[in-house]
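Participant: What follows is a structure written as structure tokens; I'll ask about it next.
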Amino acid sequence: MKSSFFRGLLEGKLTAQLAQTPDFKGNPERKVSSDLRSAGSLEDSVEAYIDHGLKHPREYALYFAEPRLRPAESRTVEIGPGFVWAQAKCAERFGGLPEDYAQLVLALWALAHGTLSFLNTKLLPPQRAAELRAACRHAVAVLLRNAEQGRKED
């Protein structure tokens, strides 16, 4: 009981600090989404997502742990501007409608988030961390290649 009480106090304090950091002040979703969109390609945006979370591990963890830090749209099917951008990028690249790519974008996000969350634990030796990052890149490439193949067959 005590530990959850102190954890709540600590998280509340960290949440207040997080809300004031330059990268997360105001609307952190828009800041990160803007960084991803400037990456250009879907592949580069996954790398940028992971890089951003590695540079800001505490903020990244709190963003996902504390619903008050996320915009209301994060609880809708649109999830946020980064998700909408990635769907549009898929439609532009492969054809079809942006909403056709919700599952693909969710899979890309799951890969990026899982990779980043694991890397942020610091449990992996450096060689394995590099291998995990390479495996994520490879899986992203396979998913995107399969999406392209699937559209050519339609």
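Numbers in my numbering are just positions in the sequence shown, counted from 1, shifted up by 84.
Cβ atoms here follow ideal geometry from the backbone N, Cα and C, with glycine treated the same way.
#1: Would you kindly check if the distance between the Cβ of Leu227 and the Cβ of Leu192 is under 9 Å?
#2: Let me check you understand the geometry: is the CB of Ser201 closer than 8 Å to at least one non-hydrogen atom of the ligand GTP?
#3: Along the alpha helix (DSSP H) that carries Glu150, what are the first and last residues, could you check?
#4: For Ala223 versus Leu203, is the C-beta distance shorter than 9 Å?
#5: State buried or exposed for Phe207, treating a residue as buried only when at least 16 other CB atoms are found within 10 Å of its CB.
#6: Please report the residue range of the alpha helix (DSSP H) in which Leu181 lies.
#7: How is His251 classed by DSSP in three states: helix, strand or coil?
#8: Report buried or exposed for Thr205, applying the criterion of at least 16 other Cβ atoms within 10 angstroms of its Cβ.
#9: Taking only the alpha-carbon atoms, compute the straight-line gap between Gln233 and Ala225 and give it to the nearest angstrom.
#10: Can you tell me whether Glu183 is buried or exposed? The criterion is at least 16 other CB atoms within 10 Å of its CB, across all chains shown.
#11: Tell me the rounded alpha-carbon separation between Leu93 and Val168.
Facilitator: Looking at the atomic coordinates:
#1: Taking the first residue of the sequence shown as position 1, residue 192 is located at position 108. Taking the first residue of the sequence shown as position 1, residue 227 is located at position 143. Yes, the pair counts as a contact, with Cβ atoms nearer than the cut-off.
#2: This structure simply doesn't include the ligand GTP, nor any ligand for that matter.
#3: To locate residue 150, count along the sequence shown from 1; it is residue 66. Counting along the chain, Glu150 falls outside any alpha helix (DSSP H), and DSSP gives it neither H nor E.
#4: Position 139 of the sequence shown, counted from the start, is the residue given in the question as residue 223. Position 119 of the sequence shown, counted from the start, is the residue given in the question as residue 203. Taking 9 Å as the Cβ cut-off, Ala223 and Leu203 do not qualify as a contacting pair.
#5: As a position in the sequence shown, residue 207 is number 123, starting the count at 1. It should be pointed out that residue 207 corresponds to Leu in this sequence rather than to Phe. Note on Leu207: under 16 other CB atoms within 10 angstroms of its CB, so exposed under the neighbour-count rule.
#6: If you number the sequence shown from 1, residue 181 lands on position 97. Per DSSP, Leu181 lies in no alpha helix (DSSP H) segment and is marked neither H nor E.
#7: Because residue 251 is not part of the residues shown, which for the chain are 85 to 238, the question remains open.
#8: Along the sequence shown, one-based indexing puts residue 205 at 121. Counting Cβ neighbours within 10 Å, Thr205 comes out exposed, since fewer than 16 surround it.
#9: Counting from one through the sequence shown, the residue named residue 233 turns up at place 149. Counting from one through the sequence shown, the residue named residue 225 turns up at place 141. Rounded to whole angstroms, the separation of the alpha carbons of Ala225 and Gln233 is 12 Å.
#10: For the purposes of this step, residue 183 is taken as the residue at position 99 of the sequence shown. By the Cβ-count criterion, Glu183 is exposed, with fewer than 16 other Cβ atoms from all chains shown falling within 10 Å of its own Cβ.
#11: Translated into positions along the sequence shown, residue 93 becomes position 9. Translated into positions along the sequence shown, residue 168 becomes position 84. Confidence at Leu93 is low in this model, with a pLDDT of 42, below 50, so its placement is unreliable and no value can be given for it.
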